[in-house]
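**Student:**
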Amino acid sequence: MNVDPSTPAAGRLLPDTSDWPHAPGAVVLRLETTASRLGAHDGAWWPRSRDLAAELPALITAVAESVGPIERVGLDAAAWDQVPGRMIVDDRVVHIDWFPVGDDTVILTRGDHDHFLLLVVPPDTDPTAAQAAMAAAVLAGASDSARQIFVKTGITPAA
Numbered sequence: 001m002n003v004d005p006s007t008p009a010a011g012r013l014l015p016d017t018s019d020w021p022h023a024p025g026a027v028v029l030r031l032e033t034t035a036s037r038l039g040a041h042d043g044a045w046w047p048r049s050r051d052l053a054a055e056l057p058a059l060i061t062a063v064a065e066s067v068g069p070i071e072r073v074g075l076d077a078a079a080w081d082q083v084p085g086r087m088i089v090d091d092r093v094v095h096i097d098w099f100p101v102g103d104d105t106v107i108l109t110r111g112d113h114d115h116f117l118l119l120v121v122p123p124d125t126d127p128t129a130a131q132a133a134m135a136a137a138v139l140a141g142a143s144d145s146a147r148q149i150f151v152k153t154g155i156t157p158a159a
């Protein structure tokens, strides 16, 4: 397990897998798992491509293991090569809503109203910058937008 001890909420985070070897389909995710949820983002995701059909199932499975079944995903269609209207993940239908928002986030919805906002690190990001952005996204009480996090960590946002 590779938990960053300099992160104030280190004991409450899923392990940071951003520097682990990645098999095809592996998910790179940091997720704040406390009930307080004080920051602007609940976590960060670093997909390895813009192929949503290849990337999203692993994310949904990983998040569902911690918080329960995910029913909807909201995202910016412009950030992905193709966006299906729904997917079957772990024998469950997951509806995909898309909007032209350009905010470098994805929203995962559990139940009727409970949602998790994740920063989406662009796939071609340098690993050091990606790790810094993911750590910044889960700092307790952090209010920076995705764009602000990217500026601070030297990441060029997705077009």
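Residues 1 to 159 in the UniProt record's numbering are what the sequence shown spells out, letter by letter.
Glycine is no exception: its CB is placed at the ideal position from the N, C-alpha and C atoms.
Since we're looking at a predicted model, the values are computed, not measured.
(1) Are there three or more Cβ pairs, one per stretch, closer than 8 Å when the segment 117 to 136 is compared with the segment 88 to 98?
(2) Around the C-beta of residue 1, are 16 or more other C-beta atoms found within 10 angstroms, so that it is buried, or is it exposed?
(3) Where residue 150 and residue 101 are concerned, what is the direct C-alpha to C-alpha distance, given to the nearest angstrom?
(4) By a C-beta neighbour count over all protein chains shown, 10 Å radius and 16 as the cutoff for buried, is residue 53 buried or exposed?
(5) Closest to residue 81 by CA distance: which of 48, 139, 40, 132 is it?
(6) For residue 146 and residue 103, which I take to be in contact (beta-carbon distance under 8 Å), what is that distance rounded to the nearest angstrom?
(7) What separation, rounded to the nearest whole angstrom, lies between the Cα atoms of residue 153 and residue 44?
(8) Take residue 39 as the anchor and find which of 107, 157, 138, 156 has the nearest alpha-carbon.
(9) Within the segment 38 to 103, note down every full alpha helix (DSSP H) run reaching 4 residues or more, in order along the chain.
(10) Residue 113: which of 58, 57, 74, 156 sits nearest, CA to CA?
(11) DSSP three-state label for residue 4, please.
(12) In angstroms, rounded to a whole number, what distance separates the CA positions of residue 106 and residue 128?
**Tutor:** Reading from the atomic positions:
(1) no
(2) Sequence index remark: in the sequence shown, residue 1 carries index 1 (1-based). Low per-residue confidence applies at residue 1: pLDDT is 37, beneath 50, and the placement is therefore not dependable, though the value from the model is reported in the following sentence. So residue 1 counts as exposed.
(3) Mapped onto the sequence shown, residue 150 falls at position 150. Mapped onto the sequence shown, residue 101 falls at position 101. One C-alpha to the other measures close to 16 Å.
(4) Locating residue 53 in the sequence shown gives position 53, where the first residue counts as 1. Exposed, since its Cβ has fewer than 16 Cβ neighbours within 10 Å.
(5) Reading the sequence shown from its first residue, position 81 is the one you call residue 81. The shortest C-alpha separation from residue 81 is found at 48.
(6) As a working note, residue 146 is residue 146 in the sequence shown. As a working note, residue 103 is residue 103 in the sequence shown. That pair is a contact at about 6 Å.
(7) Within the sequence shown, the letter at position 153 stands for residue 153. Within the sequence shown, the letter at position 44 stands for residue 44. Answer to the nearest angstrom: the Cα atoms are 14 Å apart.
(8) The count along the sequence shown starts at 1 and reaches residue 39 at position 39. Among 107, 157, 138, 156, the Cα nearest to that of residue 39 belongs to 138.
(9) 52 to 67
(10) Locating residue 113 in the sequence shown gives position 113, where the first residue counts as 1. For residue 113, the nearest C-alpha among the options comes from 74.
(11) Along the sequence shown, one-based indexing puts residue 4 at 4. Note on residue 4: pLDDT 44, under 50, position unreliable in the model; the coordinate value appears next. Three-state result, residue 4: coil.
(12) Here the question's residue 106 lines up with position 106 in the sequence shown. Here the question's residue 128 lines up with position 128 in the sequence shown. Approximately 22 Å between the Cα atoms of the pair.
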